[in-house]
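Take 26 as the starting number for the sequence shown in this note's numbering and just add one per residue.
Every residue, glycine too, gets a C-beta built ideally from N, C-alpha and C.
Computed from a prediction, not measured in an experiment: that's the story for all the values here.
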Amino acid sequence: MRIVLDVVGVCLLAAVLLVIAFACRRRWLSRDGGTFDCSLQLAQKDHGRGWALGLARYVGDDLQWFRVFSLAWWPKLVVNRRQLQSVTSRRPMGNEPLVTYAGHVIVDVDLRDRTVHFAMTEEALTGVLAWMESAPPSSQTYH
Numbered sequence: 026m027r028i029v030l031d032v033v034g035v036c037l038l039a040a041v042l043l044v045i046a047f048a049c050r051r052r053w054l055s056r057d058g059g060t061f062d063c064s065l066q067l068a069q070k071d072h073g074r075g076w077a078l079g080l081a082r083y084v085g086d087d088l089q090w091f092r093v094f095s096l097a098w099w100p101k102l103v104v105n106r107r108q109l110q111s112v113t114s115r116r117p118m119g120n121e122p123l124v125t126y127a128g129h130v131i132v133d134v135d136l137r138d139r140t141v142h143f144a145m146t147e148e149a150l151t152g153v154l155a156w157m158e159s160a161p162p163s164s165q166t167y168h
């Protein structure tokens with residue numbers, strides 16, 4: 026019985042430490058502001074498949090995206106403002122409302138070499154568009 030209690034205690038301690046690590050990471054990522062909830066479709070699949078919950082932040086000319094359920098301190102995806110070609114938004118289709126945050130719109134971002142799909146609030150989309158517009162004139166290549 027004592028071994029079972031020891032194992033349960035160790036598991037509970039590990040779970041608490043993991044929650045603390047996630048909270049510290051989130052706080053560290055949000056320290057400079059410009060951070061918002063943002064899901065990303067990691068693989069080009071049908072609507073509603075391949076999505077990961079995350080958060081994004083602005084760092085200079087880069088939009089960095091991080092998974093929520095990860096302990097990595099580096100971004101999973103970095104989009105440089107100069108890569109942007111066009112941005113369109115649409116309402117979630119298929120199973121997308123089930124796998125993204127409530128109230129988010131799907132934002133299709135055409136880059137020079139590929140298209141990525143984000144899910145974010147309309148307010149965050151306004152921020153992304155303003156961030157794009159604030160690029161120096163020589164680097165604005167989108168339409």
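C-alpha distance - residue i paired with residue j, whole-angstrom precision
| i | j | result |
| --- | --- | --- |
| Gly-47 | Ser-95 | What sits at residue 47 in the sequence shown is Phe, not Gly. Rounded to the nearest angstrom, the two C-alpha atoms are 8 Å apart. |
| Gln-108 | Thr-151 | 19 Å |
| Glu-121 | Trp-90 | 19 Å |
| Val-112 | Leu-80 | 18 Å |
| Val-33 | Leu-43 | 15 Å |
Pick from the options that is closest to residue i, judged by C-alpha positions
| i | options | result |
| --- | --- | --- |
| Leu-136 | Arg-116, Leu-30, Leu-102 and Ala-127 | Leu-102 |
| Gly-119 | Ala-39, Arg-27, Gln-110 and Ile-131 | Ile-131 |
| Arg-115 | Asp-133, Val-104, Pro-100 and Ala-127 | Asp-133 |
| Ala-160 | Val-124, Tyr-83, Leu-42 and Val-141 | Tyr-83 |
| Gly-59 | Pro-100, Ala-149 and Arg-139 | Ala-149 |
Where the beta strand (DSSP E) through residue i begins and ends
| i | result |
| --- | --- |
| Gly-79 | 79-84 |
| Thr-4 | Outside the displayed span of the chain (26 to 168) sits residue 4, for which this structure offers no information. |
| Phe-91 | 87-92 |
| Gln-110 | 109-115 |
| Leu-102 | 102-105 |
Where residue i sits in the DSSP three-state scheme
| i | result |
| --- | --- |
| Leu-67 | coil |
| Thr-125 | coil |
| Trp-156 | helix |
| Asp-57 | coil |
| Leu-37 | helix |
| Arg-27 | helix |
| Leu-178 | This structure leaves residue 178 out entirely; the chain is present only between 26 and 168. |
| Arg-52 | helix |
| Leu-42 | helix |
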